[in-house]
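Colleague: When you read off a place in the sequence shown, starting at 1, and then add 418, the result is the number in the working numbering. Note that beta-carbon positions come from the ideal geometry of N, C-alpha and C, so glycine has one too.
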Amino acid sequence: MTNLQVRTSEPVRKSRSVERLVVGRPTSDGAGVKLTRVLTQPLQRRLDPFLMLDAFASDNPDDYIGGFPDHPHRGFETVTYMIAGRMQHRDSAGHEGLLENGGVQWMTAGCGVIHSEIPQQEAGVMEGFQLWLNLPARDKMSEPWYRDFTAAELPRFVTDGGVDVTVIAGTSHGVAGAVTREATAPLYLDLHLPTGTRFAQPLPVGHNAFVYVYRGEVRIGDETLPTNRMAILANEGAADGVVIEAAGEAKVLLIAGQPLNEAIAQYGPFVMNTDQEIYQALNDFRDGRLA
Ligand code: MN
């Protein structure tokens, strides 16, 4: 903590307001992993270019031990951020890695991968998030790409107001994140706000943005965001960013990106632009062309 670089807080003249608070939907996926789907399919258009956000947090191995055995993806990117626990990844493009406390795995499925995500622990807390980021039509059939970042490899700074910021994607306060993407310009920040602090982040007008609170509660304008809530931020022309205030200690994800404004066709783990491309993906998977 002591040797983190300190950055002068960026000015935000007028904060976006909260358009809507969303409660995640409890579900299970993979081999019975219990999780909360925070960004669900009906919000994909509103939060374009983001397709999904899952939060998983449990200290009961029955909730996570099965993991996500071999399954395919095509047409988008998955960003897995592990707060606690260990997850082993293996895919058909030959990538393999262990994701641990505070690490991020960024996978571009592109034209297709088959992968598994399996917990490497039999007890203890498993907590993290998986975000799905869409690819523009022109990149959906690109070569798969993969990279693991340990917690130490993720760019991090502290504001002069005392907020601890990990920059997973995009740029904040002049600090470039682990990954940047031109078409979707994703911003993905993990903010640790000590008691009585505020964090201001400029956001381009027109980018869709949301906040997910995973510890404590925060305020944006006159709206209180409790734990485990997502707040969709309004796209107000007059607002130049967002200001997040914490009366008590809080931890939140701030995620924003440039909408693609392209048609979205999803069938499970395939996200393309047309039904025809979905049928093609299903055929390719069935005929072994995704491996
Ligand atoms: Mn997967």
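1) Kindly indicate which three-state DSSP category Asn701 falls into: helix, strand or coil?
2) Excluding five sequence neighbours on each side, which residues of the same chain lie with their C-beta closer than 8 angstroms to the C-beta of Glu641?
3) To the nearest angstrom, report how far apart Thr426 and Asn679 are at their CA atoms.
4) My output table needs one value for Glu571: the three-state DSSP class, helix, strand or coil.
5) With Val451 as the anchor, note down where its beta strand (DSSP E) starts and where it stops.
6) Per DSSP, Gly706 forms a beta bridge with which residues?
7) Fully enclosed by the segment 566-646, which beta strand (DSSP E) runs are 3 residues long or longer?
8) Classify Thr613 as buried or exposed, calling it buried when 16 or more other Cβ atoms lie within 10 Å of its own Cβ.
9) Distance, Cα to Cα, Met419 vs Arg504?
10) Return yes when the Cβ of Phe547 is within less than 8 angstroms of the Cβ of Gln423, no when it is not.
11) Count the other CB atoms, across all protein chains shown, that sit within 10 Å of the CB of Arg599; report buried if there are 16 or more and exposed otherwise.
12) Any idea if Asn701 is buried or exposed, counting beta-carbon neighbours within 10 angstroms, 16 or more meaning buried?
13) Heavy atom of the ligand SAM less than 7 angstroms from the Cβ of Glu514, yes or no?
14) From the DSSP output, which residues share a beta bridge with Ser476?
15) When burial is assigned at 16 or more other CB atoms within 10 Å of the CB, is Gly528 buried or exposed?
Modeller: Concretely, from the data shown:
1) helix
2) Ser435, Val436, Leu439, Ala649
3) 34 angstroms
4) helix
5) 451-457
6) None; Gly706 has no bridge partner.
7) 574-577, 582-587, 605-611, 615-620, 626-633, 636-638, 641-643
8) exposed
9) Caution applies to Met419, whose pLDDT of 47 falls short of 50 and renders its modelled position unreliable; the value that the coordinates give is listed next. Cα to Cα, the separation comes out at about 23 angstroms.
10) no
11) buried
12) exposed
13) Only the ligand MN can be found as ligands here, which leaves the ligand SAM out of the picture.
14) Met544
15) buried
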